[in-house]
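Colleague: Numbering (UniProt numbering), first residue to last: 1 to 1155.
Every residue gets a Cβ at the ideal spot worked out from N, C-alpha and C, and that includes glycine.
My structure is below; once you've seen it, I'll send some questions.
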Amino acid sequence: MPPKKEETPENALARARVKRDNVLNSIKSIHATALAARADADRVPSLIIHADDLNEYVEQFQRQQDVIINALIDLNRVAEFDQDDRPMIASLESMRLEIKTVVASVVPVSASEIKSSSSSSIASAPQQFVPLPKIQLPSFNGSLLEWRSFRDIYVSLVHDNTGIGDAERFHYLLSCLSGDALAVVKAIPLSANNYALAWEALSVRFDNKRLLASAHLDKLFAFKPITHQSLPALTSFINTFKENVAIIKALGVNDLSSFLLFHMGSRVLDPTTIQLFESNASNSTIPTFDELLNFVQQRCRILENVKNSTKQDITVKPHDKSKAQSHKTFVPKKSVFAATSSTSTKSKSRGCLSCDKTDHNIYQCPKFNEMSVDKRRNVVLSRKLCFACMSPSHMLDTCSSKGGCRSCSSKRHHTLLHREQNRTSTTDNTTPNITSISQPTTSSGGSSSLVGAACTNSTVVLGTAIVHIIDAWKRVQCVRVLLDSGSQISAVTSDCAARLGFSKRRYKSDIVGLAQNPVSHVQGVTSCQFSSRFKSDYLFPSVELVILKQITAAMPSTRLPIAVRQQYQHLRLADDNFDIPSRIDVLFGADILPSLIRPHAGVEQHPGLPSALDTQLGWIIFGSFSTPSKSPPVTLTTAIAPPSIGDLLQKFWLVEEPAALTSPTTEDQWCEEYFTKSTSRDSTGRFCVALPFRHLFANTAQQQDTPRHEDRAFQHIFWRDSPTDDLVEFQLCTVTYGLNCAPYLAIRCLHELDRQDGHRFPLAKDVLTRAAYVDDIVIGAEAEALLLRRKEDIVGLLRSGACMLSKWTSNSTIVLESVSTDDRVLSISFDPREEHSIKVLGLHWDPNTDKFAYHTSLNHMSSTKRQVLSVIARLFDPIGALGPMLLWAKYFMQRLWCDKLGWDDPMSPELQSMWQQFCTELPLVFDLNLPRHIDVVCHQDVQLLGFADASIKGYAAVVYLRFINAAGDISVKFITCKTKVAPLKSAAANESLSIPRLELCGALLLAQTLHHVQCVLSTEVSISRLRAWSDSSVVLSWLTVDPKQFKIFVTNRVAKIHQLLPGCVWNYVSTHDNPADPASRGLMPKLMLSSSIYWNGPEFLRLPEDQWPQSKFIPLAPEQLPEIRPNVTMTLAVNVYPSSLEFIDRFSSLARMLQ
């Protein structure tokens, strides 16, 4: 064999570099496995196996590097090593260090322990390790049949895996769910603390033994019968029955036959009975057939007892049958009547209902056909049959028969009940026109409805008029108005409001009609101005119109006789077509009608005809007149029902929509214009105002000249010093306290005084508009000298309007000494706590300490809902410091509401114990003192901070001020807190809110509070930064993406938050550091007072910003967020037809085309 040729240095260099690169790629592979194991615990075993080879690869790498160095020395290319090969060493060391760090963090034992453990296992088990295939996580879409298999595999792989955190478990859980199962936990925010809550919700929803057993039993019943013998069919039978029977037994169904009978029995029972049984059954136990049988027997006894008790008073003996029937027959004798129809009365579904024979129907009965028409009608009435088809199963209003009377083609009565038109009687006038006037009422024996009608041989005409209304585009429109003094409101139809372009507002009162029937479909309220068609240049004051879908039918119901028009044709009628049935657009009720009647209005009356009344709209025709036939009744009486105290209480826990920008109403603008025109000042500077009457019409101009003397005539009182003296009539020269317009005029005069004379007193400018509440003024200054000058300016400003200030108080002795003793406030109280305090805007202020306090009387009261509301109503908190306690009180009131207790019913022992504890701790609040003044002058940086949170009880917002002085010292001061109770669950207009929705409501409440505080403090404090925190990752994610892709609930609130706080920075805060958390859950008084985080804010606020906790919040992708609006794809197909003039293009000239 020839000798081996010696390798050249060039070849040795190339070979060594190739080997080194291969070794380096292997180390890179181990490095990638280590990085994956840091995020995925399933990759840890693979990392441990490959980490053992790391040292060997490092040694191989070093050997090849030595060969490379020798070859480069031989080739005299040493400089090439520093440029191409030395960087490889740095890369290797970096990867080796990171691999060892990951191994040390994910593997709890040392390398030596791993090595010894692996060697010992090899010694004890000589067989080689065989890697098993990776188990995929199961998926679950909400099918009950798949729940147990999913639960067992998931619990084994994820739930019981101690190497996985709750946050990772939650992530794995969401990746496994879809459909109905995902909907159960989708609304729960993704966090470690919420994993247990999500798993519990999923288990409660699907881990129902009863439903699981029934589902598997239904699968057995759904097995299709085998028609032909075949191996697949029989195999399917064995597999289906063995699998489902085994699962049913595993669920704890020991007596399979009893459960099978129960399942079969429950499928044939009526829904009411099975619902009552399920309400008493437990989800954790499997019911038996004996339990179902016993329950049904108990129901039979209950129904039998109820049946006997309800029929005891109406039992008819056989021999008294004819007498009873004659007693039940009702023959109306008057034109106004009422009859009752009961659906629980038994009647034969077949056979004659006149002679009680079963071989023919009532319309085939010879005896019935021999009767007169009046007697037939009486039989139909007494038997409660339909007038159209004479069926006992329904009445005329719900009859679906398409037939009718063959004599007159009317659908309102049967041919056998037809009477000639010239035969009129009281019975005929009333029978076919039965109009429901009350809602059905339910009783134990069935449902019954009260029906009635008012039909006479006369027709009633209501007055109508044509008026001009100015629409939204300042154009004049003609509308037809109905004048009805029996209505307490005025209304407009929705079609008319839309035609006029009127904007509508929410209408909060209830409207009821005749017999207290509620008027539904109220679409809001609007305002308008109108004028007479004879005098369009004069506009009546603005009126409020309730928007209804329909006011009434055409008025009048039928055309009036020509004699009515002939009698009144000489008058200037408000409606030229008053006698022709036409549509009604607007209703003017008693709130407007009196002001339309002229003083000493003329009235024309003629026997047998309606009357004519002179109004500012023209003469209206109204009243009754005799007619030879009946006319249908029309009733327009409506009333406004003020909301009850119960309805007002519900506002505590109703969710509020984001408030829209309010614009002044037409009536507000009219009041402002009237005040400006009619107000003057006398020689002393006193304001002389005119009372803004609602119906000030033609004499407004005269009042503008001498308004004060004109309005004094409306303010007369009677007075006497003793009962023995004569009454003396006085005329008041000032606005009477208690008038509706008094508060408006008082405040408006103060604002006008500031506008006119405020420039003369610079230190008092804007005080009356910003620091005055009705007749109280609260103001301060940084120094006593400045405060004295401001006091003098305020006194001078008010003196210019002939107003004198009294009841002065101050925490400055110098200021008080400048005020006479008679003008100082005198506080006399027998309560030691109030000895040195003065009431200011509902609070108690101690001038000595310059602090606010809460004082209220609390006597021992019985524990009823009325007394609870009385105590809660006394807790007046204008500052907002008692937010957590007030939320607890409101939530407690909500619980009483849910228990449906009467106002004076005693509470349950549990609720009574909670309330007694609250009342016992409430006096502790009286010791709470809040500083009136916060010094901001010596601070260089002032930040406005807010926190929001929500719970199932409610949501809250807490606001603080953070100060940094020149020395870098940081302080945090509590400003205010706002809370609101979570809305109740209801299937009506207010559906239940999920936790993310409540958190969003809390964020909106915080935005509104921060915006208000910022506006108030902006004139006094220079705020450098605005920050907000929330512990909801879903809400913070909603605020970072485009809100248009979410449902309208989220879109509106996110847009409102951005509108209120455009430059605010929203951050994530943990629940532990969130001061709004205790406020959102509600606290007893003692716990509220001891809550340090609520009063002082979280600890990190007192640290420099670079030492604040680093937020780990990562916004969720839009597809991972709840409340995503579903995408709707619309396809439009457009057919383009050729123009009908296309043939013209085929001719070069008109002459050729004509040929």
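1. Roughly how many whole angstroms lie between the Cα atoms of LEU483 and PRO594?
2. Could you check what DSSP says for LYS1047 in three-state terms: helix, strand or coil?
3. Using only CA atoms, which one of LEU545, LEU462, LYS508 and ALA465 lies nearest to SER490?
4. Give a yes or no on contact between the stretch 762 to 770 and the stretch 723 to 741, applying the rule of three or more CB pairs nearer than 8 Å.
5. For ALA497, which of helix, strand or coil comes out of DSSP?
6. Could you give the C-beta distance for ARG43 and ALA36, rounded to a whole number, given that I count them as a contact under 8 Å?
7. Here's the rule I'm using: 16 or more other beta-carbon atoms within 10 Å means buried, otherwise exposed. How should MET390 be labelled?
8. Whose C-alpha, out of LEU924, LEU182 and GLN62, is nearest the C-alpha of ASP21?
9. Quick check on this structure: which residue in VAL1035, ILE1023, LEU47 and PHE223 has the alpha carbon closest to the alpha carbon of ASP949?
10. Between which two residues does the beta strand (DSSP E) harbouring VAL942 extend?
11. With respect to 7 Å, is the separation between the Cβ of ASP42 and the closest non-hydrogen atom of the ligand MN below this value?
12. Ends of the alpha helix (DSSP H) at LYS791?
13. Expressed to the nearest angstrom, what Euclidean distance is found between the alpha-carbon atoms of ASP927 and ASP823?
14. Going by DSSP, which residues form a beta bridge with THR464?
15. Which residues does DSSP list as the beta-bridge partners of ILE934?
16. Could you check what DSSP says for PRO518 in three-state terms: helix, strand or coil?
17. Considering only C-alpha positions, which residue in the set CYS386, SER487 and ALA601 is nearest to LEU396?
18. Hey, could you find the ends of the beta strand (DSSP E) THR976 is sitting in?
19. Compare the Cα-Cα distances from SER400 to each of GLY1002, HIS521, ALA388 and GLY142 and report the closest residue.
20. Could you tell me which of ILE592, PHE852, PRO581 and HIS159 sits nearest to THR615, measuring between CA atoms?
21. My guess is that ALA574 and ALA497 are in contact by the Cβ rule of under 8 Å, so how many angstroms apart are they, rounded?
22. If you draw a straight line from the C-alpha of VAL937 to the C-alpha of ILE777, how long is it?
23. To the nearest angstrom, how far is the alpha carbon of ARG932 from that of ASP850?
24. What does a CB cutoff of less than 6 Å around SER26 pick up in its chain, not counting 5 residues either side in sequence?
25. Considering just the uninterrupted stretch of the beta strand (DSSP E) at LYS851, what are its terminal residues?
26. So, LEU560 versus VAL689, is the Cβ gap smaller than 8 Å?
27. Buried or exposed for SER120, going by 16 or more other Cβ atoms inside 10 Å?
28. Could you give the residue range of the beta strand (DSSP E) that holds SER1030?
29. Take ILE226 and list the residues in its own chain whose beta-carbon comes closer than 8 Å to its own, dropping the five residues that flank it on each side.
30. Tell me the rounded alpha-carbon separation between ASP1106 and LEU1005.
31. Does the beta-carbon of THR442 have 16 or more other beta-carbons within 10 angstroms, so that it is buried, or is it exposed?
32. Using DSSP's beta-bridge definition, name the partner residues of VAL603.
33. Just confirm the distance between the C-beta atoms of ASN1135 and PHE947, as a whole number of angstroms; I'd bet it's less than 8 Å.
34. DSSP three-state call for GLN298: helix, strand or coil?
35. Taking only the alpha-carbon atoms, compute the straight-line gap between MET1153 and THR1131 and give it to the nearest angstrom.
36. Rounded to whole angstroms, what is the Cα-Cα separation between GLN756 and LYS508?
Modeller: Judging by the given coordinates:
1. 10 Å
2. coil
3. LEU545
4. no
5. helix
6. 5 Å
7. buried
8. GLN62
9. VAL1035
10. 939 to 950
11. This structure lacks the ligand MN; in fact it carries no ligand of any kind.
12. 784 to 800
13. 30 Å
14. LEU482
15. Beta-bridge pairing links ILE934 to no other residue.
16. strand
17. CYS386
18. 970 to 981
19. ALA388
20. ILE592
21. Their Cβ separation, rounded to whole angstroms, is 22 Å, which puts ALA574 and ALA497 out of contact at 8 Å.
22. 23 Å
23. 6 Å
24. TYR57
25. 851 to 853
26. no
27. The predicted model places SER120 with a pLDDT of 37, which falls under 50 and marks its position as unreliable; any figure quoted below should be read in that light. Flag for SER120 reads exposed.
28. 1025 to 1030
29. ALA233, LEU234 and PHE237
30. 29 Å
31. In this prediction, THR442 has a pLDDT of 37, which is less than 50 and means its spatial position is unreliable; nothing more can be read from the coordinates.
32. LEU613
33. ASN1135 to PHE947, Cβ: 60 Å. No contact.
34. helix
35. 42 Å
36. 38 Å
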